[in-house]
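For the sequence shown, the residue numbers in my numbering are 3 to 175. C-beta atoms are modelled at their ideal positions from N, C-alpha and C, and glycine is treated no differently.
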Amino acid sequence: MPDGTPRSQSTPTFNTLEREAAFRNPPKDRASYSILNEFVAPHIESFNSIFDDSGLPSGDGDGKGLLSLALKEIGERVVFDKNIRDSADSGWGNRMRIWIEQVTIARPMVPEKDKTARERRVFPSEARERLTSYKGRMMVKLCWTDISGQKHDTMKDCGLVPIMVRVRQISSS
């Protein structure tokens with residue numbers, strides 16, 4: 003220095019080079035910053051509770067998750083087809099029971115319109131590159147009884163559901 007004092011060596015405080023290296027080559031087995039895991043853990047557990055409530059305190063769930071609780075809550079509905087104009091008949095008409103037996107959310111897949119794809123599964127990085135959402139198809143098994151009491155069922159498409167990355171249900175299947 004001009005006044006004769008030795009020059010002090012300043013150390014960078016922003017760790018720019020380390021952050022740039024971690025961005026270009028992220029670790030495959032963990033997050034670059036462990037505090038990020040703490041921030042996203044409640045969100046991941048919340049999404050996991052849709053399928054599995056094993057994270058709840060003992061006795062608070064049936065081990066099947068919020069979807070199964072929703073199906074129980076919806077329950078079974080009974081409808082009758084009595085014609086109001088037909089006043090001679092005092093009955094309620096034909097009875098039909100309707101209920102949802104099962105709800106499934108599939109892994110994210112390439113749309114059926116795309117005939118050229120060899121791999122039908124979509125991965126999160128591919129969804130980002132395609133500028134699309136990472137979403138899976140939700141299907142319900144709708145059941146009903148006819149006039150004679152025989153059970154019938156059909157699978158119905160309920161649309162696409164966004165899937166959170168790193169959740170158990172999707173990443174383990």
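C-alpha gap between residue i and residue j, whole angstroms
i: Ala72; j: Arg123; result: 28 Å
i: Ala119; j: Lys30; result: 26 Å
i: Lys117; j: Met111; result: 12 Å
i: Phe41; j: Thr15; result: 23 Å
i: Ser175; j: Thr13; result: Unreliable placement is indicated for Ser175, whose pLDDT of 39 sits below 50; the coordinate value is still reported in the next sentence. Distance between the alpha carbons of Ser175 and Thr13: 47 Å.
i: Gly151; j: Glu121; result: 43 Å
i: Leu19; j: Asp5; result: 33 Å
i: Thr156; j: Ala43; result: 37 Å
i: Asn17; j: Ala23; result: 10 Å
i: Glu114; j: Lys74; result: 32 Å
i: Ile149; j: Arg109; result: 37 Å
i: Ile37; j: Thr7; result: 41 Å
i: Arg21; j: Glu128; result: 24 Å
Cβ neighbours of residue i in the same chain (closer than 8 Å, five flanking residues each side left out)
i: Asp159; result: Arg139, Met140, Met141
i: Ser10; result: none
i: Phe177; result: No answer is possible for residue 177: the residues shown for the chain start at 3 and end at 175.
i: Ile76; result: Trp101, Ile102
Proximal residues to residue i (C-beta, below 7 Å), its chain only, five neighbours per side dropped
i: Pro126; result: Tyr136, Val167
i: Gly67; result: Ser51, Ile52, Phe53, Asp54, Asp55
i: Asn169; result: The displayed chain sequence assigns Val, not Asn, to residue 169. Only Ile46, Phe49, Asn50 meet the Cβ criterion.
i: Asp83; result: Gly95, Asn96
i: Lys153; result: Cys145, Thr147
i: Gly161; result: Met140
Same chain only: Cβ atoms within 6 Å of residue i, ignoring 5 sequence neighbours per side
i: Arg99; result: Glu78, Val80, Thr147
i: Tyr35; result: none
i: Val105; result: Leu69, Val142
i: Pro164; result: Ser135, Lys137
Anticipated Cβ contact below 8 Å, residue i with residue j, distance rounded
i: Lys143; j: Ile102; result: 7 Å
i: Ala33; j: Asn39; result: 5 Å
For the 8 Å Cβ check, are there 3 or more pairs between the segment 124-137 and the segment 91-103? With the cut-off at 8 Å, the segment 124-137 and the segment 91-103 do not touch.
In the segment 111-168, which residue ranges form an unbroken beta strand (DSSP E) of at least 3 residues, counting only runs that do not cross its ends? Segments of the beta strand (DSSP E) lying fully in the segment 111-168: 137-147, 153-164.
Length-filtered (4 minimum) alpha helix (DSSP H) runs lying within the segment 6-55: If only uninterrupted alpha helix (DSSP H) runs of at least 4 residues are considered, those enclosed by the segment 6-55 are 18-26, 36-50.
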